[in-house]
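Protein chains in written order, with my numbering: chain A, 1 to 199; chain B, 1001 to 1199.
One structure is given here, and the rest of the page talks about it.
Number of protein chains: 2
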Amino acid sequence: MRKPADHRKAEIVAKVLDLADRIGPDRVTTGAVATEIGITQAALFRHFPTKSAMWTAVAEQVSDWLGRAWASALSSGTKPLDRIAALIAAQLHQIAATPAMPMLLFSRELNVDNADLRAAFRDRLSAFHALLLQEITHGQQQGEIRDDVTASDIAVLLISLVQGVAIRWSLGSRNFALQDEGERLLAVQLHLLATKGIR
Amino acid sequence: MRKPADHRKAEIVAKVLDLADRIGPDRVTTGAVATEIGITQAALFRHFPTKSAMWTAVAEQVSDWLGRAWASALSSGTKPLDRIAALIAAQLHQIAATPAMPMLLFSRELNVDNADLRAAFRDRLSAFHALLLQEITHGQQQGEIRDDVTASDIAVLLISLVQGVAIRWSLGSRNFALQDEGERLLAVQLHLLATKGIR
DNA sequence: TGATTAAGTGAGTAACTGATCACTTCAGGG
DNA sequence: CCCTGAAGTGATCAGTTACTCACTTAATCA
């Protein structure tokens, strides 16, 4: 059962992500990936020169997904608060669909072995920060968001919210719906931020 | 150069934490620990039956530190807001002093290999949540904290703040002071929470 | 048709890791 | 003074992992 190269590559990337979720990023071995796909371990190296290259391909895949999700979030709604909520929701959705992501952020692969992977994720995170910052600033200019707190601090608080919920979801055996819980807390935080007329 | 058993045990635990910080928790090998201490790899197993046991000892050490830090934080100040700030500051201080902790939360060792370790950390996290919850509730009763948001949600927001800052600090090569940045953001969040008289 | 070549195989290898074991060293108590 | 037992050593083992290589298979196309 031979498959054309691009198909196999995509299949490998998907399996790496799947295994990373099920057994942890640093437990993903070339052997496990290969046998689960149904080919020999040696065959993997026909498609990727090294194991690191597989992870780099995974990072590109995830980066691509995130980019698309953000773009579509930004094109929904016109009010800054709505767009912010859409951005956060997209982020939560991506994490739920790629449960290995929180773990991946702290994996040995990313932090020690693969500098490219690390750089890729850092770029993506700061891009998200920039997008949020822009919307928050607009929100403050339009009076939707209180301006007695700097936009950058608000962005960090919102990003932290996502990460905190994701961690709790990840460590807590995923015993609640990440998306729902995240959006509930987001509503709370946005309520705090929208409240104008400080005493 | 022989050392009494307790001293060696403590030395091993400290070295495991040190190495976990420098090269990642899952890269800590018995060989590396031993040679950095200056003994043979085999000698480690005079003090711990398995490698897992070393990690369990590490968890007990960290748990102990956290417990003490929280207790001392709670005994400082009388106003709930002060005590909350002290709790968060203690947490930030512990993370800064034990930089391996965020990574450890997502290590293979904790998530896959060592169920005891996992349980120990989860217990500690929920204990922290409980402490925060209590202080927040007091704060609401005394009118220091707005009560149009549930205490539990506030607790999650504060914990998320810590985790979010820790992640940013960890991924960003620690290019800012975790403690300062964390306390600055905490002040912002507490400002949002303290503001009464919503319109 | 026959040559080319991408995809896959099976059998390896070198390096590393956790753990074991027989043996040595040495301090303290009877 | 010698005996016991804790602490350490050096050699070694079995298992795992990433990666290699000579070789086969099969689809494509000139």
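From the three backbone atoms N, C-alpha and C, an ideal C-beta is built for every residue, glycine too.
Computed from a predicted model, the values in this text were never measured in an experiment.
Residue i versus residue j - alpha carbon distance
i	j	result
A:Leu81	B:Asp1006	57 angstroms
B:Asp1153	B:Ile1159	10 angstroms
A:Leu17	A:Glu109	13 angstroms
B:Ile1198	B:Asp1148	Legend: pLDDT at B:Ile1198 = 45, less than 50; position of this residue unreliable, no value from coordinates given.
B:Ala1057	B:Ile1012	9 angstroms
A:Ser72	B:Thr1137	40 angstroms
B:Gln1142	A:Asp21	45 angstroms
A:Gly172	B:Ala1151	20 angstroms
A:Ser63	A:Phe121	8 angstroms
B:Gln1163	A:Ala96	18 angstroms
A:Thr35	A:Ile23	15 angstroms
A:Gly139	A:Ala155	12 angstroms
B:Glu1144	B:Ile1084	12 angstroms
A:Ala43	A:Val28	16 angstroms
B:Gln1061	B:Ser1052	14 angstroms
B:Phe1176	A:Gly77	36 angstroms
A:Ala32	A:Gly182	33 angstroms
A:Ile39	B:Gln1041	38 angstroms
B:Phe1045	A:Ile167	34 angstroms
B:Arg1174	A:Arg174	29 angstroms
B:Lys1079	B:Asp1180	22 angstroms
B:Glu1135	B:Leu1074	9 angstroms
B:Asp1123	B:Gly1067	11 angstroms
B:Ala1059	A:Pro4	48 angstroms
A:Gln91	B:Leu1092	26 angstroms
Under 9 angstroms from the C-beta of residue i: neighbouring residues of chain B
i	result
A:Ser152	Those within 9 angstroms of A:Ser152 in chain B number zero; the least Cβ separation is about 10 angstroms.
A:Leu193	Leu1192
Three-way DSSP call (helix, strand, coil) for residue i in this model
i	result
B:Ile1198	Residue placement at B:Ile1198 is flagged as unreliable, the pLDDT there being 45, under the threshold of 50; the coordinate-derived value follows with that caveat. Residue state, collapsed to three classes: coil.
A:Ser107	coil
A:Arg146	coil
B:Gly1164	helix
A:His47	coil
B:Gly1077	coil
A:Val62	helix
B:Arg1027	helix
A:Ala85	helix
B:Pro1099	coil
B:Gly1172	coil
B:Ala1155	helix
A:Ile136	helix
A:Gly67	helix
A:Ala120	helix
A:Ala177	coil
A:Thr40	coil
A:His7	helix
Distance between beta carbons of residue j and residue i, contact taken as under 8 angstroms
i	j	result
B:Leu1186	B:Ile1088	5 angstroms
A:Phe106	B:Phe1106	4 angstroms
B:Ala1100	B:Pro1025	6 angstroms
A:Leu178	A:Val188	In fact, because the Cβ distance is near 16 angstroms, the residues do not count as touching under 8 angstroms.
A:Leu117	A:Trp65	So it is not a contact: roughly 15 angstroms between Cβ atoms.
A:Leu157	B:Leu1161	7 angstroms
B:Leu1131	B:Trp1070	6 angstroms
B:His1047	B:Lys1009	5 angstroms
A:Asn114	B:Met1103	15 angstroms between Cβ atoms; not a contact.
Chain-ordered neighbours of residue i on chain B, where CB pairs are closer than 7 angstroms
i	result
A:Val165	Ser1160
A:Arg27	Arg1108 and Val1112
Chain B contact residues for residue i, given Cβ-Cβ distances below 8 angstroms
i	result
A:Asn111	Gly1024 and Met1103
A:Gly106	Sequence inspection shows Phe at residue 106 of chain A; the Gly mentioned does not correspond to that position. Here the neighbours are Pro1102, Met1103, Leu1105, Phe1106, Ser1107 and Ser1170.
A:Arg122	Leu1171 and Gly1172
Where residue i meets chain A, residues with beta-carbon distance less than 9 angstroms
i	result
B:Leu1185	Asp153, Val156, Leu157 and Ser160
Residue i: contacting residues in chain A (beta-carbon distance under 8 angstroms)
i	result
B:Val1149	Val188, His191 and Leu192
Any non-hydrogen atom of the ligand NAP within 7 angstroms of residue i CB
i	result
A:Ile136	This structure does not include the ligand NAP; it has no bound ligands of any sort.
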